[in-house]
Amino acid sequence: MLSLLKSIMAALVGAGLGLWTAWAALERETAFDVVRAGPWRSTPKAAFVTADPYTRAALARSGQVPLSPGEGLTFTAETDETGAPLVTRCDYIIASPIPAARFWTLTPLTDKGALATTANGGTGLTSAEIVRDSSGRFEILAARHARPGNWLALPSEPAFTLALRLYDTPASSLASAMSAGQLPTLRKERCS
Amino acid sequence: MSDRKLGWTIHLLAALIIAGLVHIVTILILPRVASRDSYARIASVAPINRFTPLPDARTGAELLPMQDPALARSACRFDLSAGPVRVRADVRGLEGMLTLSFHDRRGGSFYATTDRGALRGGIDVMLLTRDQMTALEALDLEDETPQELRLMAPTHEGFVLAGSLALDAGDLDAARKRLALLSCGRESPRR
Chain E
61 MLSLLKSIMA
71 ALVGAGLGLW
81 TAWAALERET
91 AFDVVRAGPW
101 RSTPKAAFVT
111 ADPYTRAALA
121 RSGQVPLSPG
131 EGLTFTAETD
141 ETGAPLVTRC
151 DYIIASPIPA
161 ARFWTLTPLT
171 DKGALATTAN
181 GGTGLTSAEI
191 VRDSSGRFEI
201 LAARHARPGN
211 WLALPSEPAF
221 TLALRLYDTP
231 ASSLASAMSA
241 GQLPTLRKER
251 CS
Chain Y
1244 MSDRKLGWTI
1254 HLLAALIIAG
1264 LVHIVTILIL
1274 PRVASRDSYA
1284 RIASVAPINR
1294 FTPLPDARTG
1304 AELLPMQDPA
1314 LARSACRFDL
1324 SAGPVRVRAD
1334 VRGLEGMLTL
1344 SFHDRRGGSF
1354 YATTDRGALR
1364 GGIDVMLLTR
1374 DQMTALEALD
1384 LEDETPQELR
1394 LMAPTHEGFV
1404 LAGSLALDAG
1414 DLDAARKRLA
1424 LLSCGRESPR
1434 R
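These protein sequence lines are chains E and Y, in that order.
Residue numbers for the first sequence follow the working numbering, so the first one is 61 and each next one is one higher.
Residue numbers for the second sequence follow the working numbering, so the first one is 1244 and each next one is one higher.
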């Protein structure tokens, strides 16, 4: 009797542990093919039919459809270049370089990855509306309140994430060799 | 080792093995049982074999999470069980950018392109099952290359997701209109 009880206990503990570790792995967004370059992170193969099981399970749960490398490449950043979390009470400078791409867009998101409400009601910037200097370099100021020049309006929530999407880019096939020096800088300016 | 200790060790090992199995099975089975996956979300607004505009991504109302808000979206949910499905776009003189990605029933992408990938000013893709592909190839003339790109879909059901880039906030309406260049429909059988 006692040994049966112990067996049932072992089975229950095992099942619980298995479910919990599966849930934890999905919450932590475990993926096999993560490319990191400075503060930027990308999972270029996540869209494929052949993506790893953790990625596929996470996508099935969230309902996301990531960009396929044939269309473009998504990078996200949750920290600045020193590794400090991105917070909306600070201003940030996002500046060239940027990998060659036909178009790119920069979108501020909440720290949960959802679209955020910003001061100007905007949802980000595209490469077509950026003002550049004579050598083609650009500097974007990300701040909660309006700034002159290339202004990226930040959300009203305390923390945020940045999504950089490159479309029609040769970087798709070179994503794994991407280094921090090829992606935009993400420098904290002043904080209020 | 005493019998008592041995008994505990066996139970602990059993628990760990069960934990491992449950972990693996959960991860593998999730894509099959998820009720709000990308296909289900698209199916809630898009009928079969027709491009349908998806609602604009707005704060608090995102049909598909983590989509670029600068892209106007439309989707064609396909079902190949009644015959091949053809996706076409005339992109001559297009301003902006069109993206197309082809997904199986589980949301995995098996092909993607942009208007840059167009041949002779158009995108022309035929989606087929393995059997349909074999049947079609049997009809092909030997010295003639097919006009369209033939793709074998991993599952009979799936969806094609299209995007049209709005160059700035004021371009969103025009971007939505550019999606109308795309068509998706059942291919009429050849004689």
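Virtual Cβ for every residue (Gly too), placed ideally from N, Cα, C.
What you are looking at is a predicted structure, and each value in this text was computed from that prediction instead of being measured.
With respect to the 8 Å criterion, Y/V1403 and Y/L1343 are classified as neighbours on the basis of their beta carbons. Those residues of the stretch 1266 to 1294 of chain Y placed with their C-beta closer than 7 Å to a C-beta in chain E are H1266, T1269, I1270, L1271, L1273, P1274, A1277, R1279, D1280, S1281, R1284, ordered along the chain. Here DSSP, grouped into helix, strand and coil, assigns Y/H1254 to helix.
Taking all protein chains shown into account, E/C251 has fewer than 16 neighbouring C-beta atoms within 10 Å of its C-beta and is therefore exposed.
Assigned with DSSP and collapsed to three states, Y/L1273 falls in helix.
For E/P168, the enclosing beta strand (DSSP E) starts and ends at 163 to 170. The C-beta of E/P113 comes closer than 8 Å to at least one C-beta of chain Y. Under the DSSP assignment, E/T81 falls in the alpha helix (DSSP H) whose first and last residues are 62 to 87. By the Cβ test, the stretch 167 to 177 of chain E is not in contact with the stretch 1253 to 1269 of chain Y, since fewer than three Cβ pairs between them sit closer than 8 Å. The beta carbon of E/Q242 sits no closer than 8 Å to any beta carbon of chain Y. Annotated as distal: Y/D1311 and E/T136, with beta-carbon spacing of 8 Å or more.
Rounded to whole angstroms, Y/D1299 and Y/E1305 show a C-alpha spacing of 8 Å.
The beta carbon of E/E189 falls within 8 Å of a beta carbon belonging to chain Y, placing the residue at that interface. Within chain E, no residue has its CB atom less than 7 Å from the CB of Y/P1296, the nearest being about 16 Å off. Around E/V191, the same chain offers F198, G209, N210 as residues with beta carbons nearer than 8 Å, after the five sequence neighbours per side are excluded. Ranking Y/H1346, Y/R1284, Y/E1338 by CA distance to the CA of E/R121 puts Y/R1284 first. Nearest CB-CB separation between Y/T1302 and chain E: below the 8 Å threshold. Inside the stretch 127 to 212 of chain E, DSSP marks whole beta strand (DSSP E) runs of 3 or more residues at positions 132 to 137, 150 to 155, 163 to 170, 199 to 203, from first to last along the chain.
A direct Cα-Cα distance of roughly 26 Å separates E/Q242 from E/P215.
Listed along chain E, the residues sitting closer than 9 Å to Y/S1344 by beta-carbon distance are A107, V125, L127, S128, G130, E131. When the five nearest sequence neighbours on each side are left out, the beta carbons in the same chain lying within less than 8 Å of the beta carbon of E/L212 are those of I154, L166, P168, G184, L185, I200, L201, A202, A203, in order along the chain.
With a threshold of 16 other beta carbon atoms within 10 Å, Y/I1270 meets it and is buried. For Y/R1349 against Y/M1369, the beta-carbon gap comes to about 22 Å, at or over 8 Å, which does not count as contact.
In the three-state reduction of the DSSP assignment, E/K248 falls in the strand class. Of E/S239, E/W83, E/H205, E/G78, the smallest CA-CA separation from E/Y152 is found for E/H205. E/K105 is classed as buried because its beta carbon has at least 16 other beta carbons within 10 Å across all chains shown. When the alpha-carbon of E/L224 is set against those of E/E138, E/T142, E/A144, the nearest one is in E/E138. The beta carbon of E/Y227 falls within 8 Å of a beta carbon belonging to chain Y, placing the residue at that interface. Taking all protein chains in view, the Cβ of Y/S1426 is surrounded by fewer than 16 other Cβ atoms within 10 Å, so the residue is classified as exposed. In the DSSP assignment, Y/G1401 forms a beta bridge with Y/F1321, Y/D1347. Taking 8 Å as the CB threshold, Y/R1349 lines the interface with chain E. Checking the DSSP bridge columns, you'll see E/F108 partnered with Y/S1352. In this structure Y/T1377 is exposed. Its beta-carbon is surrounded by fewer than 16 other beta-carbon atoms within 10 angstroms.
At a cut-off of 8 Å between C-beta atoms, Y/L1264 counts as an interface residue with respect to chain E. The beta-carbon of Y/I1260 is placed less than 8 Å from the nearest beta-carbon of chain E. Put simply, the backbone Cα of E/M238 is about 20 Å away from that of E/A111.
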